[in-house]
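**Q** This is the structure, below, for whatever I ask next.
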Amino acid sequence: MSAGRPVQSSLTMLTRFKSLWTLILVGPLVCALFGLLSGYLAVREPKLAAAFIGLGAVLALVSRSPISIALLVAPASFNVSRLSIGRGIALPDVVLLVATILSFPALARLGTPPGVTSIRRWFGVYFVAMLAIVVIHPSSRSLIEAGHRTLLVVGPLSVGAWIYLSGRTRIALRLLVGVAAVAGVILFIYGAAHSFGSSASLPLGLNKNYVGSIFGLSIIVTLAASRELELKPELRYAAIAAIGGGLVGSHSRAAMLALVVGIFVWFFRTHSDYRKQSFMIAAVLAAAFLTYAGYLVSSQIADKAATQNTNSVAVRNETENATIALWRTSRLVGVGIYYYTDPAYQEMNPWLVAPTNAVVEALAEGGIVLAAGFIIFNVGAIAVMLRYRNPLAVAGLACVADRLAHGMVDIFWTAGDASLPWLIVGMGMAQAAVIGRRESGESERPEMRGLLTQ
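Sequential numbering of the sequence shown, starting at 6, is according to the working numbering.
Structure representation (structure tokens):
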């Protein structure tokens, strides 16, 4: 016994010495080297230096609080900057990828909600269809895009469930709504300065339909997840007004029409006890955006010359006609995923660009095989969501309906707005799982207690 005490005492002192050494020397040394390298790169490669500093910040954030990365997934959708790696990786994809990797061990500890597992299985149908097309039309372009689309669905499902089960739902939703409200005010002012004309079509460098879609989804979240947001009514209505102003400033007719679809889904899926409270706001928003979108569409159609040649109606018509003609050359298996990034197709026909209809895109890329996989996945996922009527599940369903409606008249698979609905769905499936566990009387894990009150 006495011989062991000096050894134990020595080990304790050595441990303390190492901790002190780390605190006094290693920490500052690492920071100094990081600063020197950042300064060196800033002089010679400013973009690389910015990426290096950002990577350091992310690593520091992850080491302190991994869930923080997950909380950035939704607000990061408003920044579509691309890193100069390969063909360019969108910032929302980078944040989502890191958060997705971190979510898997977290869900292994917390438990994956059954709804998330079911939707993953339905996505598996589309995934198998994509793999088949990649094998038939092999290219690095197709393989990378298949992985990207998998990330846009499977990633946010896992991240959303992780956020809810970690008790961070309120802050995640507030970050989304807060950033959307600030961006909405800026874009409304920008649009007003340009008389809400065509000059405001690309506010602050963002694609009008992209940012319009994000605004529409943010409005749905604000309406359908009001209890989870825990905002005073005055603040909630102010946020809706600010985000709605941004949607008007974006000039996106597709986003406005899709929002109306999402609002109807939210209204009819919410519990009857809340319909009286939500009827007026749902009716006002739907009528306002439907009227304004109808006015914008009719104004474009009224310009006969532009409708036949240059405006968005003409572009969509020409693109869809060219894409369907391409599909007819290979009806069963299409010509390959992400084919429109190959210059050869635009040399063949200048209208063979990114299709503005998700189903038509699937037909051209993978023929009946890929289109069937896409439809089966979405029908199956919606069937899973229809089993639940908890607030976040309803919000997720409304967001998916919004995005699908938008995808019938615009590019569907894009970083940010394609993943945001599935982030909300992941939260909704986790909330449903916790409610189901409570109602069935099953014991909860200690780390999941109190989630029903968020």
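The C-beta atom is built at its ideal place from N, Cα and C for all residues, glycine as well.
#1: Does DSSP classify Ala435 as helix, strand or coil?
#2: Do you know how far the Cα of Met353 is from the Cα of Ala330?
#3: Taking all protein chains shown into account, decide if Phe109 is buried (16 or more other Cβ within 10 angstroms of its Cβ) or exposed.
#4: Which complete alpha helix (DSSP H) runs does the segment 208 to 241 hold, if anything under 4 residues is left out?
#5: Could you tell me whether the segment 378 to 391 touches the segment 238 to 254, using the rule of 3 or more Cβ pairs below 8 angstroms?
#6: Considering just the uninterrupted stretch of the alpha helix (DSSP H) at Gly189, what are its terminal residues?
#7: Ile342 by DSSP, collapsed to three states: which one?
#8: Is Trp427 a contact residue of the ligand MG, with contact defined as CB to any heavy atom under 8 angstroms?
#9: Ignore the nearest five residues each way along the sequence and tell me which others in Val133's own chain have a CB closer than 8 angstroms to its CB.
#10: Among the residues of its own chain, which have a CB less than 6 angstroms from the CB of Trp418, if the five just before and after it don't count?
#11: For Gly120, is the classification buried or exposed, using 16 other Cβ atoms within 10 angstroms of its Cβ as the cut-off for buried?
#12: How about Asn383 and Leu409: do their beta carbons lie closer than 9 angstroms?
#13: Per DSSP, what kind of secondary structure is Gly385 in: helix, strand or coil?
#14: Grouping DSSP H, G and I as helix and E and B as strand, with all else coil, what is Asn322?
#15: Using a 10 Å radius around the Cβ and a threshold of 16 neighbouring Cβ atoms, would you call Ala435 buried or exposed?
#16: Where do the N-terminal and C-terminal ends of the alpha helix (DSSP H) with Leu262 fall, by residue?
#17: Can you tell me which of the three DSSP states Pro71 falls into?
#18: Out of curiosity, what's the CA-to-CA distance linking Asn322 and Gly339?
#19: Three-state secondary structure (DSSP) at Gly421?
#20: With Arg154 as the anchor, note down where its alpha helix (DSSP H) starts and where it stops.
#21: By Cβ distance below 7 angstroms, which residues in the same chain neighbour Glu233 in space, the five residues on each side in sequence not counted?
#22: Are three or more beta carbon pairs between the segment 335 to 350 and the segment 368 to 377 nearer than 8 angstroms?
#23: Short of 8 angstroms in beta carbon distance, which residues of its chain neighbour Val130, apart from the five on each side in sequence? Order them along the chain.
#24: Taking Ser223 and Ala185 to be in contact with their CB atoms under 8 angstroms, please state how far apart those CB atoms are, rounded to whole angstroms.
#25: From Thr361 to Ala423, what does the alpha carbon distance come to, in whole angstroms?
#26: Roughly how many angstroms lie between the CA atoms of Ala406 and His142, to the nearest whole one?
#27: What first and last residue would you give for the alpha helix (DSSP H) that runs through Ala359?
#28: How far does the alpha helix (DSSP H) with His411 in it reach, from first residue to last?
#29: Just to confirm the assignment, what range does the alpha helix (DSSP H) spanning Val133 have?
#30: Per DSSP, what kind of secondary structure is Leu252 in: helix, strand or coil?
#31: Do Asn214 and Ala247 have their C-beta atoms closer together than 9 angstroms?
#32: Report the three-state DSSP secondary structure of Ala363 (helix, strand or coil).
**A** Here's the rundown:
#1: helix
#2: 12 angstroms
#3: exposed
#4: 213 to 229, 231 to 234
#5: no
#6: 174 to 198
#7: coil
#8: Questions concerning the ligand MG fall outside what the structure shown contains, since it holds no ligand whatsoever.
#9: Gly378
#10: Arg154
#11: buried
#12: yes
#13: helix
#14: helix
#15: buried
#16: 258 to 274
#17: coil
#18: 20 angstroms
#19: coil
#20: 145 to 170
#21: Thr174, Arg175, Leu178, Pro396, Leu397, Gln459
#22: yes
#23: Gly378, Ile381, Phe382, Gly385
#24: 4 angstroms
#25: 14 angstroms
#26: 31 angstroms
#27: It is not in any alpha helix (DSSP H) - Ala359 carries neither H nor E in the DSSP assignment.
#28: 396 to 412
#29: 119 to 141
#30: helix
#31: no
#32: helix
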